[in-house]
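Take the sequence shown: its position 92, counting from 1, is numbered 92 in this note's numbering, and each next residue is one higher. Single-structure report; data block below.
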Amino acid sequence: MILTLASPLARAQSSDAESPASIETSDSPEWMRKLKILPTSDTAIKLADQVKTREQKDKDLRRIRAKHFGTMQKVEIREAGIAKLAEYNDPALYPLMVELFEKEKNDVRTAMLDMFTKAESDAGDATLTWHAIFGRDEWMRENCRARLRGRLRDIETGNITHDNVKLVLYEALRSPTAKHRAAAAQMADALNFVEMIPWLAAAQLSAETRAPERPGALAWILVGQQTAFVSDLEPIVADSAVAFDPQISTITTGTMIRVDDAAVSTTRYIYNFDVHNSLVNMSTRNWGQGTATLGFDYRKWKEWYELTFEPYWQKKQMEVVKAHVTQKTAEESANPPPPKAEPGNGGEQKAEPK
1 MILTLASPLA RAQSSDAESP ASIETSDSPE WMRKLKILPT SDTAIKLADQ
51 VKTREQKDKD LRRIRAKHFG TMQKVEIREA GIAKLAEYND PALYPLMVEL
101 FEKEKNDVRT AMLDMFTKAE SDAGDATLTW HAIFGRDEWM RENCRARLRG
151 RLRDIETGNI THDNVKLVLY EALRSPTAKH RAAAAQMADA LNFVEMIPWL
201 AAAQLSAETR APERPGALAW ILVGQQTAFV SDLEPIVADS AVAFDPQIST
251 ITTGTMIRVD DAAVSTTRYI YNFDVHNSLV NMSTRNWGQG TATLGFDYRK
301 WKEWYELTFE PYWQKKQMEV VKAHVTQKTA EESANPPPPK AEPGNGGEQK
351 AEPK
């Protein structure tokens, strides 16, 4: 559940003017604001119902896994289990299904991913996106990516809602793992999410602060004064004589200093070329001009996006909408609807007398 919202798509900022290490959260875009969840909202109530549904169906799904899958070798029994699994096609159960069946053989996992794809829902798309990036193995990641490409092939028509997909990609771009950021950038490029360009610009360069780790104290320092004294006397006895042999010891008084930490932290910048290449590819394709000269400089990307690309893209989208309306009007004019029948006996049109 996302309770706090992230940066605006076109207003991604760095907490440090010199480093795009973080993104502002002051002004979220419209598509993210409507994902905000209030405890008393219908969305929160729906999520609570989904949790309840998962709790109710958990035992049933585990029973199917134990009876039909796992080490079971008989094909007919496994197919019967897959058929039973199709009866639980509920978006509320998608997270539970992945948790229970992601380690099964490929026949079960294929059926599960096909279920998510055929659902043609935002929940199914978001589930596929998440496991296309964070999937436990390459088979899962590649099959999720393939289904997403087919599912969202008409992305330019705007017929599908992609809000949760974008949110998953945003979380992946914030991941500390470079391969997750790269996978998210490549998917944003493949799906042509141009509004994510500022996020990719911020994710192509990351800062990492390191400090040496040492167990225990680094040093002990004594500031004190030593004083000698006679700690013992050993008697020496001889004929008609006696003497004592003194034992000399030393006592130290002062202050003991323990140094726990004296490390110097260093910051290094990591250049993610996979994210950079996806960013350049998508921006160049949609702008029609090369953007490789912007390099890894976040401020240049931000200035280019706000002052050059954003106005250009808005104008282009308006032209696309206008052309679509013009085409639709022309088609309606060329193919007018048939005239309505005049009311008559039995609702039939009266014949003209000869």
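Glycine residues also receive a C-beta, built at the ideal position from the N, C-alpha and C atoms.
Item                                                                                                                                               : Value
Taking only three categories from DSSP, how would you classify residue 245?                                                                        : strand
Which stretch, first to last residue, makes up the beta strand (DSSP E) that contains residue 232?                                                 : 219 to 238
Classify residue 242 as buried or exposed, calling it buried when 16 or more other Cβ atoms lie within 10 Å of its own Cβ.                         : exposed
Pull up the DSSP beta-bridge partners for residue 251, would you.                                                                                  : 227
What do you reckon, are the CB atoms on residue 94 and residue 124 nearer than 8 Å?                                                                : yes
Please report the straight-line C-alpha distance between residue 183 and residue 199, rounded to a whole angstrom.                                 : 14 Å
Check whether the stretch 234 to 248 and the stretch 265 to 276 touch, using three or more Cβ-Cβ pairs below 8 Å as the test.                      : no
Confirm, please, whether the CB-CB distance from residue 78 to residue 72 is below 8 Å.                                                            : yes
By a C-beta neighbour count over all protein chains shown, 10 Å radius and 16 as the cutoff for buried, is residue 302 buried or exposed?          : buried
Taking the straight line between their C-alpha atoms, what separation do you get for residue 359 and residue 130?                                  : An answer regarding residue 359 cannot be provided, because it is not within the stretch 1 to 354 covered by the chain.
Is residue 220 buried or exposed, if buried means 16 or more other CB atoms sit within 10 Å of its CB?                                             : exposed
To which residues does DSSP link residue 259 through a beta bridge?                                                                                : 219
Could you tell me the boundaries of the alpha helix (DSSP H) in which residue 332 lies?                                                            : 310 to 334
Cα separation between residue 291 and residue 97?                                                                                                  : 42 Å
Below 7 Å CB to CB, which residues in the same chain sit around residue 190 once its five sequence neighbours on both sides are set aside?         : 149
Here's the rule I'm using: 16 or more other beta-carbon atoms within 10 Å means buried, otherwise exposed. How should residue 322 be labelled?     : exposed
By Cβ distance below 7 Å, which residues in the same chain neighbour residue 144 in space, the five residues on each side in sequence not counted? : 113, 128, 131, 132 and 135
Have a look at residue 54 and residue 45 and give me their C-alpha separation to the nearest angstrom.                                             : 14 Å
In the structure shown, what three-state DSSP assignment does residue 136 receive?                                                                 : coil
Whole angstroms is fine: what's the gap from residue 203's alpha carbon to residue 172's?                                                          : 10 Å
Is it buried or exposed, residue 365, if we count other Cβ atoms within 10 angstroms and call 16 or more buried?                                   : Given that the chain is displayed from residue 1 to residue 354, the structure contains no residue 365 and the question cannot be resolved.
Can you round the beta-carbon distance between residue 218 and residue 260 to whole angstroms, since I take them to be within the 8 Å contact cut? : 7 Å
Does DSSP put residue 175 in a helix, in a strand, or in coil?                                                                                     : coil
Check whether the Cβ atoms of residue 355 and residue 275 sit closer than 8 Å, and answer yes or no.                                               : Examination of residue 355 is not possible in this model, given that the chain is present from 1 through 354 alone.
Roughly how many angstroms lie between the CA atoms of residue 277 and residue 193, to the nearest whole one?                                      : 15 Å
Thinking C-beta only, is residue 109 closer than 8 Å to residue 101?                                                                               : yes
Just mark residue 166 as buried or exposed, buried being the case when its beta carbon has 16 or more other beta carbons within 10 Å.              : buried
How many angstroms separate the CA atom of residue 372 from the CA atom of residue 81?                                                             : The structure shown has nothing for residue 372, since the chain only spans 1 to 354.
I need the DSSP call for residue 338, collapsed to helix, strand or coil.                                                                          : coil
Please classify residue 158 as buried or exposed, where buried requires at least 16 neighbouring CB atoms within 10 angstroms.                     : In this predicted model, residue 158 has a pLDDT of only 48, less than 50, meaning its place in the structure is not dependable enough to derive any value.
May I ask which residues mark the beginning and end of the alpha helix (DSSP H) holding residue 79?                                                : 75 to 86
Can you grab the Cα-Cα spacing for the pair residue 244 / residue 257, in whole Å?                                                                 : 39 Å
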